[in-house]
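Just add 60 to wherever you are in the sequence shown, counting from 1, and you've got the numbering used here.
Read through the structure below, which is laid out as structure tokens, and then see the notes.
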Amino acid sequence: MDNDTKGNWIVVFEGSAAAQNIRIINLNQVRMVDQISHDHVRLCFSETNAIELTGKSAGQLARLLISRGIDVNGIAMPEFSDISILDQG
Numbered sequence: 061m062d063n064d065t066k067g068n069w070i071v072v073f074e075g076s077a078a079a080q081n082i083r084i085i086n087l088n089q090v091r092m093v094d095q096i097s098h099d100h101v102r103l104c105f106s107e108t109n110a111i112e113l114t115g116k117s118a119g120q121l122a123r124l125l126i127s128r129g130i131d132v133n134g135i136a137m138p139e140f141s142d143i144s145i146l147d148q149g
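See below:
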């Protein structure tokens, strides 16, 4: 299996934990994350395929992704885990 099929899976609930509201997302397939705030994040898989998440868990996901962030030279940047916009709300 290559990295694209192994996956870095998370479960996302849209509003409630009812079966029709559950999404399982492979973070290895995300190309870009933008529109980040304390309660909103957009995961872009391609130019035409994106998922928008809102609520407390969106902010938690943004913090998780930022905490795993690295600089272009490959050095971890833990100071990014303390971005003030994510602590509002």
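Every residue gets a Cβ at the ideal spot worked out from N, C-alpha and C, and that includes glycine.
Keep in mind the model is a prediction, meaning the values are calculated, not measured.
Kindly list the residues whose CB is nearer than 6 Å to the CB of residue i, restricted to its own chain and excluding five residues on each side of it in sequence; keep chain order.
{"i": "Ile96", "result": "Ala122"}
{"i": "Arg102", "result": "Asp94, Gln95, Ala110, Glu112"}
When DSSP builds the beta bridges, which residues end up paired with residue i?
{"i": "Asp114", "result": "Looking at the sequence provided, one finds Thr at residue 114 rather than Asp. His100, per the DSSP bridge assignment."}
{"i": "Phe73", "result": "Ile82"}
Any idea what DSSP makes of residue i, helix, strand or coil?
{"i": "Arg123", "result": "helix"}
{"i": "Asn86", "result": "strand"}
Roughly how many angstroms lie between the CA atoms of residue i and residue j, to the nearest whole one?
{"i": "Ala79", "j": "Asn88", "result": "23 Å"}
{"i": "Lys116", "j": "Trp69", "result": "19 Å"}
{"i": "Gln120", "j": "Met92", "result": "17 Å"}
{"i": "Asn133", "j": "Thr114", "result": "31 Å"}
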